[in-house]
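Worksheet: the structure to be examined is printed underneath.
Protein chains: 2
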Amino acid sequence: MLATATAQNHAANVALVGQPKREVSPAGNRIAESLKLINDTLAVTRRLLHAGDSVYEAGERFESLHVVNSGIFKLVNLSPDGREQVVGLQFKGDWLGFDGIATGRHSCDAVAMDTGEVWTVRYDSLLQASARQPALMAVMHGAMSREMTRDRDALLSICTLPADARVAEFLHNWASSLSERGLRTDQITLRMTRAEIGNYLGMKLETVSRALSRLARDGIIEFSEGGRRDVRIPDLGVLSACVQRCVAPEGMLQ
Amino acid sequence: MLATATAQNHAANVALVGQPKREVSPAGNRIAESLKLINDTLAVTRRLLHAGDSVYEAGERFESLHVVNSGIFKLVNLSPDGREQVVGLQFKGDWLGFDGIATGRHSCDAVAMDTGEVWTVRYDSLLQASARQPALMAVMHGAMSREMTRDRDALLSICTLPADARVAEFLHNWASSLSERGLRTDQITLRMTRAEIGNYLGMKLETVSRALSRLARDGIIEFSEGGRRDVRIPDLGVLSACVQRCVAPEGMLQ
DNA sequence: CGTAAATTTGATACGTTTCAACCCTCGTGG
DNA sequence: CCACGAGGGTTGAAACGTATCAAATTTACG
């Protein structure tokens, strides 16, 4: 959804401008309602984590699923020979731990990128509760399905977009994720180093840095006066147009 | 699983050599038992497809899931601007259609790569049957979980391996998939063009061709006398060692 | 059998990585 | 208070791997 719904999201943002009271997007409602349902029908264990803490690690026995209530978490896949790859970023309402269901052991690390809270639910008790409350199962299946779609969109970007466009789309997706959750999208704080962003996008940190510099030079993004960790996005539409420009064969004024 | 279980799979193959009667691997049992359970407890619609036929297409309304009974199917993700990416290959026992659960519409195409059969089950009736037969739900969740893990392993390869190693690992994974299903792994027939393989692996067809030529020159694979569509793999261990060699920093004899 | 598609291979162009130098910020301790 | 060091970030120049373009060859198929 993230990668493909650029036009729609932009339209939704534009529509929001005229609203005096902040209206939550449909996706935002979905997330809020899902969290409410989980909270109401399950005995969750709340767990507070700080940057660098891991919710679970590869190889650990799988017993529970976790729902992100706040903060941002990265999923890191590791190969036996030491290569590692950030394969997902999870925001509020996203789930952690599905990778463990099949084998009974987790196949990647889930790490907090800043202070955040997860709600932990034993998988077996979730299944039991789902029998009484089918909506619960629907929420879980929806989360799994959405995650698969999102991962595939990420793969599409990595395989078909040049570095600059990947970085632009990354920023756009981050802003969209915030937007879905009713947060402001014009000013975003990346909780990742250039190296982490690069790993996630399949490029080196220098390439990320250069791409960001070019985006800033072209006025598509702006760095806050302080550090270069905060990014201002004057216009989300311009950002996604920038992605399209990288893809377009040649001279397309439109 | 595919990408990370190289050593184990090889060990399993070696163990099989001494057996006079063909023994099915643990994964093979899982697959056979899953198909049996589905067949016994659900009213499936069997559907025969030929190369190029699609099980479903992006945008289509989601109503059913499909289990591959024979043949190989590719999942193709499309972007609004026309880029397309093979994001998965599904073999016997794998499922098709999970991407539609979240939104009620499919987000990619599922296309037969040769003649094959899928068993189609309405999602709602599957949920009902799962209430009576929890093992059914376990099979479905296992399939989803396994697919997520496999996709992440593919992403890891694409982002961290050079072209030659990606092709070598692709062949190894293909052979492993056959092995899991009790099929011979020394002689495999790729049902994909170089362009399709390249798309799946995030490279151009010429690069695939060169990589295959190098593997053949080094004796790691052999082409059958007929076309270059059939590949013989004398030793799966040598193939995965070849992947490691590409990753190793420098001079590591062992 | 003839034609279109697929494959291989070479030469060159291009984008990203690599290596390196430098800058900035921030927390620490002399 | 400021020197200092560490980690993160930026930028340039050169090296590298893959893409692109082009041609020749083989294969598939009506």
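Protein chains in written order, with the working numbering: chain R, 1 to 254; chain B, 255 to 508. Positions of the beta carbon are idealized from the N, C-alpha and C atoms, including for glycine. These numbers come from a predicted model, not from an experiment.
- Task: Label Ser494 (chain B) either buried or exposed according to how many other C-beta atoms from any shown protein chain fall within 10 Å of its C-beta, with 16 as the threshold for buried.
- Result: buried
- Among R:Gly182, R:Arg181, R:Gly198, R:Val68, which has the Cα closest to the Cα of Glu169 (chain R)? Closest in alpha carbon position to Glu169 (chain R), among R:Gly182, R:Arg181, R:Gly198, R:Val68, is R:Gly198.
- Message: On the criterion of 16 or more Cβ atoms from any shown chain inside 10 Å, does Arg217 (chain R) qualify as buried, or is it exposed?
- Response: Counting every other CB atom within 10 Å of its CB across the protein chains shown gives Arg217 (chain R) a total below 16, marking it as exposed.
- Task: For Leu126 (chain R), I'd like the list of residues in its chain whose CB is within less than 8 Å of its CB, leaving aside the five on either flank, ordered along the chain.
- Result: So the qualifying residues of the chain are Leu42, Leu65, Leu136, Met140.
- Query: Does the Cβ of Val497 (chain B) have 16 or more other Cβ atoms within 10 Å, making it buried, or fewer, making it exposed?
  - Reply: buried
- Sequence-distant residues of the same chain with beta carbon closer than 6 Å to Leu48 (chain R), five excluded per side: Glu117
- Message: Does Ala204 (chain R) come out as helix, strand or coil in the three-state DSSP assignment?
- Response: The sequence given here has Lys at residue 204 (chain R), not Ala. Three-state DSSP puts Lys204 (chain R) in coil, outside helix and strand.
- Apply the 10 Å Cβ neighbour rule to Gln128 (chain R) and answer buried if 16 or more other Cβ atoms are within range, or exposed otherwise. exposed
- Query: What three-state label does DSSP hand Asn13 (chain R) in the structure shown?
  - Reply: For Asn13 (chain R), the pLDDT reaches just 44, beneath the cut-off of 50, and the residue's location in the model is therefore unreliable, leaving the point undetermined.
- Anything in chain R within Cβ reach of Glu401 (chain B), meaning under 8 Å, just list it in chain order. Met148
- Inspect the CB distances between the segment 226-235 of chain R and the segment 155-164 of chain R and report whether three or more fall short of 8 Å. no
- Query: Can you tell me whether DSSP reads His395 (chain B) as helix, strand or coil?
  - Reply: helix
- Query: Would you report the Cα separation of Trp174 (chain R) and Trp95 (chain R), rounded to the nearest angstrom?
  - Reply: Going by the C-alpha atoms only, they are around 17 Å apart.
- What do you reckon, are the CB atoms on Leu205 (chain R) and Arg191 (chain R) nearer than 7 Å? no
- Report buried or exposed for Arg386 (chain B), applying the criterion of at least 16 other Cβ atoms within 10 angstroms of its Cβ. exposed
- Message: Under 7 Å, Cβ to Cβ, is there at least one residue of chain R near Thr295 (chain B)?
- Response: Closer than 7 Å to the CB of Thr295 (chain B) there is not a single CB belonging to chain R.
- In terms of alpha-carbon separation, which member of B:Glu401, B:Phe477, B:Ser324 lies closest to Asp514 (chain B)? Nothing about residue 514 (chain B) can be reported from this structure: the residues present for chain B run from 255 to 508 only.
- Shorter than 7 Å from the beta carbon of Arg284 (chain B) to some beta carbon of chain R? no
- In the DSSP assignment, find the beta strand (DSSP E) that holds Lys74 (chain R) and state where it starts and stops. Residues 73-78.
- Answer with yes or no whether the minimum CB distance from Asp99 (chain R) to chain B is below 7 Å. yes
- Message: Would you say Ala102 (chain R) lies against chain B (beta-carbon separation less than 7 Å)?
- Response: yes
- Query: Given that Thr115 (chain R) touches chain B, what residues does it touch there, using C-beta distances under 9 Å?
  - Reply: Simply none; closest approach about 26 Å.
- Check the DSSP bridge columns for His426 (chain B) and list the partner residues they point to. According to DSSP, which records beta bridges pairwise, His426 (chain B) is partnered with nothing at all.
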